[in-house]
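This report refers to the structure that appears directly beneath it.
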Amino acid sequence: MNSELSKALLAWNQVFDGRIDGDILSFNNEKGKGKVIAYDFDDNLQALQFKFKLNTPLTCSGKKMNEINEYVPIFFGEPVEQSLEIEQQLEKGEGFSKEDFSINSQGAFATNTKDTINWEFSDARELTFLSIRLKKEHFIKLIQRSERLIQLFDFDDSFYIFEEFDPIMFGMFNRSFALLEDETLIYKKELVEACVRHLFATFFTKVSEREELLASNKYPVNTKAVFIARTILKNQLDKPIHIEDLSRECGLSGSRLRALFKQVFGTTIHQYHQDVRLDKARTYLTQGEKSMSMIAMDLGFSSASHFSAVFKKQYHMTPREFKEDLKQRKF
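Quick note on numbering: the numbering used here labels position 121 of the sequence shown as 108, and the sequence is numbered without any gaps.
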């Protein structure tokens, strides 16, 4: 096993107090039960696959980890109960601040904040996530294919890039863990590698498709503020969001919050909020318990016709056509 990967596995073993046998870290103790599997695919690509259930919440400091050193990790997972604390440098001469926030949806993120990440794991349920480790030189070589990626993944500055899972990424992530459970596979490592390559390539592709971020609109990343904004947008579905109110809640100016939100998530505040509301509308339509007018009212649209028009623009079918399509699929 590559020495850098061995260091990473040993570092995680300091967290879980388990036992390392070859490329597998396993533990079954007072902290919980689970395993971490290390994959050394080639000099440029490694992965750590985590699956565990804790007995008590667990916190570990990134300062003790070797996750971001010669290799740059991209984290993929479903950390509904997982939170991160990132210590960030403020403006010149102002020292550091700690940003503590929850990641409340499935997704992927990459950061070069080095040893300033602190992980907090909940004991509420089984956790699964994947750390895909790209050699720094290879990471830089890959991002050279896109001006957007060069701009966003700037190693001369701090970056934090988050991308929510699309259905394909979600399926590939789940596939990698389904392979973990299949003991009959004789090409398991090769199949996991295919999933890993697909995941990081899709991540880079989706990030590269983001609109250009002007240098004048690029700020030091305030992760806490943008995740507070994102949480508010996900929870406040019954009315439109006013940027003045949102920026006040987050403690930033409206222009800075707009720029930072797009910098981290690759979409505007308005578009993100509309996407969340329309996704909730599809859930309501699938459940079939609410009328069009009720859905429109619950999700802050001015009328059923307004809701229908926005829905059609997004999904290329009206809400009624969506319901009819659901009925046909059932039969």
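Even glycine gets a Cβ: it sits at the ideal position worked out from N, Cα and C.
Source: prediction; values computed, not measured.
{"Asked": "Nearest-angstrom beta carbon gap, LYS22 and LYS38 [assumed within contact, 8 Å]", "Found": "6 Å"}
{"Asked": "Reduced DSSP category for ALA34 - H, G, I as helix; E, B as strand; rest coil", "Found": "strand"}
{"Asked": "Local Cβ density within 10 Å of LEU313, reported as buried at 16 or more and exposed below that", "Found": "exposed"}
{"Asked": "Exposure of GLN315, with buried meaning 16 or more beta-carbon neighbours within 10 Å", "Found": "exposed"}
{"Asked": "Reference GLN93, options GLY5, THR43, ASN31 and MET156, closest by Cα", "Found": "MET156"}
{"Asked": "7 Å CB neighbourhood of LYS123 in its chain, flanking five on each side removed", "Found": "GLU57, TYR58 and VAL59"}
{"Asked": "Assigned secondary structure, THR171 (DSSP; H/G/I helix, E/B strand, else coil)", "Found": "coil"}
{"Asked": "Exposed unless 16 or more other CB atoms sit within 10 angstroms - verdict on GLU150", "Found": "buried"}
{"Asked": "Sequence-distant residues of the same chain with beta carbon closer than 6 Å to VAL221, five excluded per side", "Found": "Correcting the residue type first, residue 221 is Lys in the shown sequence and not Val. These residues qualify, in order along the chain: VAL263."}
{"Asked": "Per DSSP, the bridge partner or partners of PHE14", "Found": "GLY21"}
{"Asked": "LEU224 in three-state terms, based on DSSP", "Found": "coil"}
{"Asked": "Environment of ARG306 [buried if 16+ CB atoms lie within 10 Å]", "Found": "First, the amino acid is wrong: residue 306 is Pro here, not Arg. By the neighbour-count rule (16 or more Cβ atoms within 10 Å), PRO306 is buried."}
{"Asked": "GLN261 versus PHE142 - alpha carbon distance", "Found": "33 Å"}
{"Asked": "Whole-angstrom distance between ALA165 and TRP(-1), CA atom to CA atom", "Found": "23 Å"}
{"Asked": "Same chain, Cβ closer than 6 Å to ALA291, neighbours up to 5 away in sequence not counted", "Found": "MET279, SER280 and ALA283"}
{"Asked": "Burial state of LYS128 (16 or more Cβ within 10 Å)", "Found": "exposed"}
{"Asked": "Separation of GLU311 from LYS176, as counted between CA atoms", "Found": "43 Å"}
{"Asked": "LEU(-4) beta carbon less than 9 Å from that of ALA25", "Found": "yes"}
{"Asked": "Cβ neighbour criterion (16 or more within 10 Å) applied to GLU(-10)", "Found": "This sequence places Ser at residue -10; Glu is not what is there. Exposed, since its Cβ has fewer than 16 Cβ neighbours within 10 Å."}
{"Asked": "Closest by C-alpha distance to PHE62, when choosing among ILE215, LYS267, PHE190 and PHE252", "Found": "PHE190"}
{"Asked": "beta-carbon SER133 near the ligand FAD non-hydrogen atom, thresh 8 Å", "Found": "No copy of the ligand FAD occurs in the structure displayed, which carries no ligand at all."}
{"Asked": "Per-residue burial, LEU233 [other beta carbons within 10 Å of its own, 16 or more giving buried]", "Found": "buried"}
{"Asked": "Inter-residue CB distance, GLY253 and VAL194 (contact presumed, cutoff 8 Å)", "Found": "7 Å"}
{"Asked": "Boundaries (first-last residue) of the alpha helix (DSSP H) holding ASP232", "Found": "230 to 237"}
{"Asked": "Per-residue DSSP class, three states only, for LEU129", "Found": "helix"}
{"Asked": "Assigned secondary structure, ALA296 (DSSP; H/G/I helix, E/B strand, else coil)", "Found": "helix"}
{"Asked": "For GLU54, three-class secondary structure by DSSP", "Found": "Below a pLDDT of 50, predicted positions are generally treated as unreliable, and GLU54, at 47, falls in that range; the measurement from the model is reported next regardless. In the structure shown, GLU54 sits in coil (DSSP, three-state: anything other than H, G, I, E or B)."}
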